[in-house]
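Student:
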Amino acid sequence: MARPKPVALIILDGFGLRGDVQGNAVAQAKKLNYDRYWNQFPHTTLTACGEAVGLPEGQMGNSEVGHLNIGAGRIVYQDLTRISKSIRDGEFYDNETILGAIRHAKQNGKKLHLYGLLSDGGVHSHIAHLFALLEACKKEQLDDVYIHAFLDGRDVAPDSAAKYMEQLLAKIAELGVGRIATVQGRYYAMDRDKRWERTEKSYRAMVYGDGPKYEDPMRAITESYERSVFDEFVMPTVIVKPDGTPVGLVESGDAVVFFNFRPDRAIQLSQVFTNSDFRGFDRGDKAPTDLHYVCLTLFSETVGGYVAYKPKNLDNTLGEVLVQNNLKQLRIAETEKYPHVTFFFSGGRDVELPGETRILIKSPAVATYDLKPEMSAYEVAAAAVAEIEAERQDVIILNFANPDMVGHSGLLEPTVKAIEATDDCLGQVVEAILAKGGVALITADHGNADVVTNPDGSRNTAHTTNPVPFIVTDSHVTLRNDGILADIAPTVLAILGVAKPEEMTGTSLIAQRV
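Here the sequence shown is numbered in our numbering, starting from 60 and rising by one per residue.
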């Protein structure tokens with residue numbers, strides 16, 4: 060059988076499936092092309108959340124995780140799952156990098172500081188990881204342990220910090236280890252947009268003891284609530300002893316473990332503490348030097364220090380297998396999802412492969428995408444069609460960002476428009492593929508636009524755990540059910556007639572050829 064050309068994987072970002080029409084932009088939109096392909100060609104649904112994508116059970120998927128799993132052709136266990144599993148197995152307590160920080164503090168008579176987001180949101184951190192660190196300190200008989208608690212309010216309820224602080228204080232009392240040194244909203248401690256004035260307030264509280272002062276961390280939170288300043292925005296606050304001196308400032312020679320596992324919002328603050336050539340603001344004459352600084356995961360090459368859980372290499376991703384078989388590939392998306400079809404799809408490597416073409420279409424410069432629901436989908440489609448008609452590519456990886464990016468607005472009408480624009484563009488691309496004798500695989504990385512508003516009419520800006528579609532525009536195959544995102548790459552290879560590498564533990568969704 061002749062190999063179809065091109066084979067295109069089209070990812071409708073945030074396009075989940077749900078039966079109930081209420082608040083469901085996917086169901087309410089007029090999507091003539093998608094509906095036609097669904098009715099005309101073999102189709103199934105895939106699980107794109109929880110353990111099926113390497114997350115804890117019931118955890119919604121996201122674009123990074125989705126593209127990692129799709130490109131790798133295997134379940135990629137995420138840092139949250141990996142670290143939590145190591146705690147359960149006991150390996151966490153033998154981690155040489157974490158023990159190195161604890162022993163550095165103990166042997167040198169220095170303090171150990173634990174930085175991180177205090178919640179169980181599971182997006183940037185998990186409070187269970189902080190508790191495990193305290194247990195490790197207890198085991199190593201280290202008493203000088205100081206916690207800099209960053210308050211959440213985004214991945215969890217906006218006024219839930221008091222609950223988490225109560226849990227932390229109870230754990231401290233149980234173990235007899237740990238003191239709260241600072242309390243501050245993530246708006247300051249976890250900025251990622253180089254708004255250095257925010258990071259500076261966080262730093263100065265931790266190093267100089269600047270900012271509001273409280274003996275009781277619970278009171279710091281509750282009094283902030285009384286001023287209608289909730290978790291995310293709580294001003295960096297210094298916890299002090301009865302004599303008014305700070306409980307535990309960060310000083311030269313101290314040890315640090317930053318227990319966030321997601322890098323993006325941990326980089327800036329870490330750069331302040333680890334980069335000798337830092338220029339974001341004046342760190343002053345007490346800037347700590349010679350810190351034994353540990354990041355729970357690899358935050359960035361621009362951050363100094365040690366890494367407790369180094370990234371695991373993903374070998375033989377779909378892109379690499381295509382190279383091995385001398386097949387040309389195109390990666391195309393607009394700005395918002397360009398890293399997903401390149402870096403994440405390639406297993407977390409930002410390397411352009413031989414025979415790989417990349418096309419980046421700029422996302423529109425608007426404050427929020429509900430103001431322009433079509434985003435740059437038409438430009439993405441036009442560029443893809445040009446490549447198809449030129450017959451330059453064997454395989455195309457394409458992402459339409461609209462359902463996800465507009466779905467995050469929690470506004471139904473713009474999200475419906477986003478779906479309809481995406482559908483129009485989907486039709487243009489698929490028709491060009493079919494005209495050349497190619498095959499399109501239409502899918503999504505996670506749900507979002509399928510629940511834009513809640514039953515009470517309030518906005519739902521989060522992802523969903525609903526299944527996602529999978530359509531193959533080849534009437535000569537039948538598809539199996541119970542698939543997951545990791546099964547997509549093996550399916551692409553099966554259509555191409557290319558052998559699946561042993562690293563790909565996903566299995567082709569093609570049940571049989573008819």
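Glycine residues also receive a C-beta, built at the ideal position from the N, C-alpha and C atoms.
1) Would you list the one or two residues that DSSP bridges to T140?
2) Using only CA atoms, which one of T394, G73, K300, A548 lies nearest to G268?
3) Apart from the five residues on each side of it in sequence, which residues of its chain come closer than 7 Å, Cβ to Cβ, to Y246?
4) What does DSSP give as the partner residues of R390 in its beta bridges?
5) Kindly identify the DSSP beta-bridge partner or partners of R518.
6) Among the residues of its own chain, which have a CB less than 6 Å from the CB of K48, if the five just before and after it don't count?
7) With a CB to CB cut of under 8 Å and the five nearest residues on each side skipped, what residues in its chain are close to F337?
8) Shortest alpha-carbon distance to N461 belongs to which of D483, R451, G180, E450?
9) Here's the rule: buried if 16 or more other CB atoms are within 10 angstroms of the residue's CB, otherwise exposed. What is S359?
10) Less than 7 Å separating the beta-carbons of V204 and L176?
11) Tell me the DSSP secondary structure of H172 in three-state form.
12) Using the C-alpha atoms, what's the distance from Q166 back to A160?
13) Are there any heavy atoms of the ligand PLP lying less than 6 Å away from the beta-carbon of V309, as far as the coordinates show?
14) I'd like to know if the region 348-359 and the region 205-224 are in contact, where contact means that at least 3 CB-CB pairs between them fall below 8 Å.
15) Straight-line CA distance for T241 to R278?
16) Which one of A195, Q487, P305, A131 has the shortest CA to CA distance from E379?
17) Here's a check: name, in chain order, each residue in its chain whose Cβ is nearer than 8 Å to the Cβ of M294, leaving out the five neighbours to either side.
18) Suppose you measure from the CA of L386 to the CA of D533; what does that come to, to the nearest Å?
19) From what residue to what residue does the beta strand (DSSP E) around Y428 run?
20) Output the distance between the C-alpha atoms of K89 and A220, rounded to the nearest integer angstrom.
21) Cβ of Q487 within 7 Å of Cβ of V531?
22) Are there three or more Cβ pairs, one per stretch, closer than 8 Å when the region 434-453 is compared with the region 398-406?
23) Express the C-alpha separation of Y428 and V135 in angstroms, rounding to a whole number.
24) With a threshold of 16 other CB atoms inside 10 Å of the CB of L430, please say whether the residue is buried or exposed.
25) Span of the alpha helix (DSSP H) holding I134?
26) Tell me where the beta strand (DSSP E) around R572 begins and ends.
27) Which residues mark the beginning and the end of the beta strand (DSSP E) in which P305 is found?
28) I need the straight-line Cα distance from V236 to E199, nearest angstrom please.
29) Please report how far the alpha carbon of V309 lies from the alpha carbon of V266, in whole angstroms.
30) Report yes or no: do three or more beta-carbon pairs, one from the region 312-332 and one from the region 340-351, lie closer than 8 Å?
31) With a CB to CB cut of under 7 Å and the five nearest residues on each side skipped, what residues in its chain are close to V362?
32) Within 8 Å, do at least three Cβ pairs link the region 501-514 to the region 77-86?
33) Could you check whether C108 and G125 sit closer than 7 Å to each other, using their CB atoms as the reference points?
34) Report the rounded CA-to-CA distance for L158 versus P63, giving the unit in angstroms.
35) What is the DSSP secondary structure of Q243, counted as helix, strand or coil?
36) Using the C-alpha atoms, what's the distance from I418 back to M464?
Tutor: Looking at the atomic coordinates:
1) Per DSSP, T140 has no beta-bridge partner at all.
2) It is K300.
3) Cβ neighbours of Y246 beyond the five flanking positions: R257, E291, F292.
4) Per DSSP, R417, I456.
5) R518 pairs with T512.
6) What the structure shows of the chain is the stretch from 60 to 573, and residue 48 is not part of that stretch, so it cannot be assessed.
7) Answer for F337: Q330, V331, listed in chain order.
8) Measuring from the Cα of N461, the nearest candidate turns out to be D483.
9) Counting the other Cβ atoms within 10 Å of the Cβ of S359 gives fewer than 16, which makes it exposed.
10) No, the pair does not count as a contact, with Cβ atoms beyond the cut-off.
11) Here H172 sits in strand by DSSP.
12) Straight-line Cα distance between these residues: approximately 10 Å.
13) For the structure depicted, the ligand PLP is absent and the ligand set is empty, with no information on it obtainable.
14) No: the two stretches stay apart, fewer than three of their Cβ pairs being nearer than 8 Å.
15) Put simply, the backbone Cα of T241 is about 13 Å away from that of R278.
16) The residue with the shortest Cα to Cα distance from E379 is A131.
17) Around M294: Q243, G244, Y247, K260, G270, P271, S283, V288.
18) Roughly 20 Å between the two C-alpha positions.
19) For Y428, no beta strand (DSSP E) run applies, since DSSP gives it neither H nor E.
20) It is roughly 42 Å from the alpha-carbon of K89 to the alpha-carbon of A220.
21) For Q487 and V531, no; Cβs fall outside 7 Å.
22) No, the region 434-453 does not touch the region 398-406.
23) Approximately 30 Å, taken between the alpha carbons.
24) Exposed, since its Cβ has fewer than 16 Cβ neighbours within 10 Å.
25) Looking at the DSSP string, I134 is not in any alpha helix (DSSP H), and its letter there is neither H nor E.
26) From DSSP, the beta strand (DSSP E) with R572 extends over 569-572.
27) For P305, no beta strand (DSSP E) segment is defined, and its DSSP state is neither H nor E.
28) In a straight line, the C-alpha of V236 is about 11 Å away from that of E199.
29) Straight through space, the alpha carbons of V266 and V309 are spaced by roughly 5 Å.
30) Verdict: yes, contact present.
31) Closer than 7 Å at Cβ, skipping near neighbours: I326, S329, Q330, T333, C354.
32) Here the region 77-86 lies against the region 501-514, with 3 or more beta-carbon pairs under 8 Å apart.
33) G125 places its beta carbon 7 Å or farther from that of C108.
34) Answer to the nearest angstrom: the Cα atoms are 54 Å apart.
35) Looking at Q243 - three-state DSSP - the assignment turns out to be strand.
36) If you draw a straight line from the Cα of M464 to the Cα of I418, it is about 19 Å long.
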